[in-house]
DNA sequence: CATGAATGAGTTTTCATTCAT
DNA sequence: AATGAATGAAAACTCATTCAT
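Chains as they are written, first to last, in my numbering: chain A, 174 to 370; chain B, 174 to 370; chain C, 174 to 370; chain D, 174 to 370.
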């Protein structure tokens, strides 16, 4: 099994270059949402992005590097949302913060269920680079901090359980065709509160 | 994307043939548990199974057919276990039956987390054959029947939520290296009871 | 710079397979003699050999592996010839054995000068596998033994000087279009005897 | 095989431009000495030279043109040295002039053996431009003139033999790690005098 | 039935070269 | 002149699948 290089190659400086990188990432995400990992080929990504295959490889040394970068972006955005959700947690009720967290979780996954599932599966075999591992750790810490602030026993395990259960549930709903975020949110709330009760 | 033929080719009658088919399935499962979908190649499966690539294609017309057959077997076994768990549900408490169901769920996934995750992901893009779709439907029905027997409102959605949340949670625990089925079982119980409360 | 795998993949057992491997090696040698290293591509080798690109990769994991195998074969044959030349050296005059050695050297290079030159250059950047390194060492030892048997001082350095000078000279003659082995042989004799005088 | 344009594009007039050209040539030579022909890529040359790829193509229309120019420079310098060595040949002994010639040959190759070898191999497939062919011819003529001045029979062939043998020998010594020019010089002297005896 | 050599479409990837800024 | 983003032809290499023995 080859170990692909995953660090981005050069940081785009000119505006044109930035646009190319964004086009590549969006094209890849789009392909994943439509057809999953097995339809993601570098040539197809380049074609959908409207750039040449050479341009793609200017910025990403491998397919894995693109996947890794999408994961990193998604994680960064999720972390931001979760941190925003817990920002005022010291002045808020447990329920209020939890609701914000769950809304963020639902929003980040429900509308791109195949993409989410593909990235989640990709994570299981990609050697994530440092930055993404740190992001994952911070996401986890955000949840653990929230749980500990409310005296939940065994917060680390509880955080992991909740995160993985919620991921599964939201993906399941999305793949089944659900689009009503509010309805799903209420069920995730029941799940989370029930588990933590 | 080509649409692969997925029905097994010929039902093996002779003992030697049955042994080959089992060897193929076990080899494939083993490869999935070790390296995931991207390491599953037909030549490698044949090699690990100790049969020639020609023999493999005697019994399975495509790689997808092997995957599908593994899923079918797993599902059939799970269905059996779930049906056994609900067999006496009319004479038992809600809690007693639920515990049996969850034990079955934990047992079926915890010790092969990468295999479970890979199959789950494979399901999202494979065109499952009739028999497996029926099995999935029966699994679902078993849960729905149990929930309805205990007057749970919105049983179909609840069943789906629980199944996908539990799958996520058990996989998450397994991938994190947990092996204590009893401890995990207790947490799944909390999750399920909490959600249904 | 990637480090290509150079060990042959599978040893051909059936006659058909052996024929394929020979066809590949001959095609590669032919291409090198006609156009040099820069015209040697795996697809072209397969085409000239009359096998599919897949077949080529069944037996050689990389272009480098093919080159390495050609070098190994050439070296093995040369070693054989040199050993034959020195077989009777204890009962022969210095001049008699030297003549045999030089005839072998001229024969092994003169008629394929571009091939020789390409392989020689290839050796300078290929990570030769064990077997070929051993062959090179044995070739060297054969010359050193011959020189020491005749009380030549500084035999190891003299052997290296002679081998590299003769290689250069024979290649030079071949590339210049010479084909008269006898005439060239006589000049190599002058060179060698002069250097050792 | 495409036939690349090899004549330099424009003669740099400004000081900055001359500096760029020199940087390019030195970078290319450096890369050849470190990694050989297969590591010589235009983008890498530009990077090492500290100029943009666009600038490189301002002065050289192709990769081959750079190689050709390096060869031309090397040859020009060697010719100068050889001509200097034979300048006084009419008033000197055969041995004295030969020694000067061999010192020049050793100096020009010993310290950059991989570069020498790469250029030598490159010459075998590059379509050398007029100027370099003339230089090569002049180098040859210089040797031939020297040999004929001392009544060597068959001077043209002898010149070729000596040049190619010495090239091989000096390269061989360099690649083997020798750095003592004096010691090597003495052995080349033995080789040349022996051959011409 | 079993074998394993052979196939070739499809992918990844490189790198010389062009061209808009 | 200089820059560096973009190009795409061409190469390396994989792997599902077929078929002669």
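Just so it is clear, CB atoms sit at the ideal spot from N, CA and C, and this is done for glycine as well.
- [ ] May I ask you to report which of helix, strand or coil DSSP gives residue 353 of chain A?
- [x] When DSSP states are grouped into helix, strand and coil, residue 353 of chain A belongs to the coil group.
Open item on the list: I want to see whether chain A comes within less than 9 angstroms of residue 281 of chain B, judged by CB atoms only; does it?
Closed with: Residue 281 of chain B does not count as touching chain A.
Task: Range of the contiguous alpha helix (DSSP H) that encloses residue 263 of chain A - done: Counting along the chain, residue 263 of chain A falls outside any alpha helix (DSSP H), and DSSP gives it neither H nor E.
TODO: Tell me, please, whether the region 223-233 of chain D touches the region 248-256 of chain D by the rule of three or more beta-carbon pairs shorter than 8 angstroms.
DONE: When C-beta atoms of the region 223-233 of chain D are compared with those of the region 248-256 of chain D, fewer than three pairs fall below 8 angstroms, so the two segments do not count as touching.
Task: Helix, strand or coil at residue 284 of chain D according to DSSP, with G and I counted as helix - done: Here DSSP, grouped into helix, strand and coil, assigns residue 284 of chain D to coil.
Task: The alpha helix (DSSP H) enclosing residue 217 of chain D, as first and last residue numbers - done: For residue 217 of chain D, the enclosing alpha helix (DSSP H) stretches over residues 215-222.
Task: Range covered by the alpha helix (DSSP H) that runs through residue 228 of chain B - done: Here the alpha helix (DSSP H) through residue 228 of chain B covers 226-232.
Open item on the list: If contact is defined by three or more beta carbon pairs under 8 angstroms, each pair taking one atom from either stretch, is the region 256-275 of chain C in contact with the region 360-367 of chain C?
Closed with: Short answer: they touch.
TODO: For residue 262 of chain D, go through chain C and note every residue whose CB falls closer than 7 angstroms to its CB, in chain order.
DONE: Result: empty, since nearest Cβ-Cβ is about 21 angstroms, beyond 7 angstroms.
- [ ] Spatial neighbours of residue 183 of chain A within its chain, please: CB distance less than 7 angstroms, with the 5 preceding and 5 following residues excluded, ordered by chain position.
- [x] Cβ within range, chain order: 231, 232.
Task: Contact set for residue 333 of chain D: own chain, Cβ-Cβ below 8 angstroms, skip 5 residues either direction - done: In chain order, 313 place their CB closer than 8 angstroms to the CB of residue 333 of chain D, counting only its own chain and leaving out the 5 sequence neighbours on each side.
TODO: Under 7 angstroms Cβ to Cβ from residue 311 of chain D, same chain only, skipping five residues before and after it: list those, please.
DONE: Closer than 7 angstroms at the Cβ level, and outside the excluded window around residue 311 of chain D, lie 252.
Open item on the list: Just verifying my parser: in three-state terms, what is the DSSP assignment at residue 302 of chain A?
Closed with: Looking at residue 302 of chain A - three-state DSSP - the assignment turns out to be coil, as it is neither helix nor strand.
Open item on the list: Given the structure, does residue 267 of chain D come close to the ligand SAH, in the sense that its CB is under 8 angstroms from one of the ligand's heavy atoms?
Closed with: Looking for the ligand SAH in the displayed structure turns up nothing, as the structure carries no ligands at all.
Task: residue 359 of chain D: contacting residues in chain C (beta-carbon distance under 8 angstroms) - done: Neighbours of residue 359 of chain D on chain C: none; closest Cβ ~11 angstroms, over 8 angstroms.
Open item on the list: Tell me which residues of the region 337-351 of chain D have at least one Cβ-Cβ distance to chain C shorter than 8 angstroms, keeping chain order.
Closed with: Answer set for the region 337-351 of chain D: 337, 338, 339, 340, 341, 342, 344, 345, 346, 348, 349.
Open item on the list: Can you check whether the C-beta of residue 298 of chain D is within less than 9 angstroms of a C-beta belonging to chain C?
Closed with: So yes, residue 298 of chain D belongs to the interface.
Open item on the list: Can you list, in chain order, the residues of its chain with a C-beta nearer than 6 angstroms to that of residue 323 of chain C? Leave out the 5 residues immediately preceding and following it.
Closed with: A distance below 6 angstroms between beta-carbons, with the five flanking residues on each side excluded, links residue 323 of chain C to the following residues of its chain, in chain order: 267.
TODO: For residue 201 of chain B, I'd like the list of residues in its chain whose CB is within less than 7 angstroms of its CB, leaving aside the five on either flank, ordered along the chain.
DONE: Result list for residue 201 of chain B: 213, 218, 239, 243, in chain order.
TODO: Determine the direct distance from the alpha carbon of residue 292 of chain B to that of residue 259 of chain A, and round the result to whole angstroms.
DONE: The straight-line gap from Cα to Cα measures roughly 35 angstroms.
Open item on the list: I'd like to check one pair, residue 348 of chain D with residue 287 of chain D: are the Cβ atoms closer than 9 angstroms?
Closed with: Yes, the Cβ-Cβ distance between residue 287 of chain D and residue 348 of chain D is below 9 angstroms.
- [ ] State the DSSP-derived secondary structure class of residue 174 of chain D, mapped to helix, strand or coil.
- [x] Caution applies to residue 174 of chain D, whose pLDDT of 43 falls short of 50 and renders its modelled position unreliable; the model cannot decide the point.
Open item on the list: Tell me which residues share the same chain as residue 301 of chain B and place their Cβ nearer than 6 angstroms to its Cβ, disregarding the 5 neighbours each side in the sequence.
Closed with: Within the same chain, residue 301 of chain B has no close Cβ partners at all.
- [ ] In angstroms with no decimal places, state the Cα-to-Cα distance between residue 264 of chain A and residue 325 of chain A.
- [x] Cα to Cα, residue 264 of chain A sits roughly 17 angstroms from residue 325 of chain A.
Task: Closest residue to residue 305 of chain B among B/248, B/207, B/195 (Cα-Cα distance) - done: Out of B/248, B/207, B/195, the CA that lies nearest to the CA of residue 305 of chain B is found in B/248.
TODO: For residue 283 of chain A, collect the residues of the same chain with a Cβ closer than 8 angstroms to its Cβ; drop the 5 residues on either side in sequence, then sort them by chain order.
DONE: So the list reads 343, 346, 347, 351, 352, 354, 357, once near-sequence residues are dropped.
Open item on the list: I need the boundaries of the alpha helix (DSSP H) containing residue 188 of chain A, first residue and last residue.
Closed with: Element bounds for residue 188 of chain A: 188-208.
- [ ] Would you mind stating whether residue 270 of chain A and residue 179 of chain A have Cβ atoms separated by less than 9 angstroms?
- [x] Not in contact: residue 270 of chain A and residue 179 of chain A (Cβ atoms no closer than 9 angstroms).
Task: Residues in the region 187-212 of chain B having any Cβ partner in chain A nearer than 9 angstroms - done: Among the residues of the region 187-212 of chain B, those with a Cβ less than 9 angstroms away from any Cβ of chain A are 208, 209, 210, 211, 212, in the order of the chain.
Task: Length of the line joining the Cα atoms of residue 339 of chain D and residue 195 of chain A - done: Residue 339 of chain D and residue 195 of chain A: Cα-Cα distance of roughly 58 angstroms.
Open item on the list: Spatial neighbours of residue 174 of chain B within its chain, please: C-beta separation below 8 angstroms, excluding the five flanking residues on both sides.
Closed with: Residue confidence is low: residue 174 of chain B scores 44 on pLDDT, short of 50, so the model does not pin down where it sits. Its coordinate-derived value is still stated next. Sequence-distant Cβ neighbours of residue 174 of chain B in its own chain, meaning closer than 8 angstroms and more than five residues away, do not exist here.
Open item on the list: Is there a C-beta anywhere in chain C that falls below 9 angstroms from the one on residue 236 of chain D?
Closed with: When Cβ-Cβ separations below 9 angstroms define contact, residue 236 of chain D makes no contact with chain C.
Task: 7 angstroms Cβ cut-off: residues of chain A touching residue 222 of chain B - done: Going along chain A, no residue has its Cβ under 7 angstroms from residue 222 of chain B, so there is no contact; the nearest lies around 19 angstroms.
- [ ] Starting from the C-beta of residue 285 of chain B, find all residues in its chain whose C-beta is less than 7 angstroms away, skip the five residues before and the five after it, and write them out in chain order.
- [x] For residue 285 of chain B, same chain residues with a beta-carbon under 7 angstroms away, outside a window of 5 residues either side, are 206 in chain order.
Open item on the list: Can you check whether the C-beta of residue 370 of chain D is within less than 9 angstroms of a C-beta belonging to chain C?
Closed with: So, interface residue.
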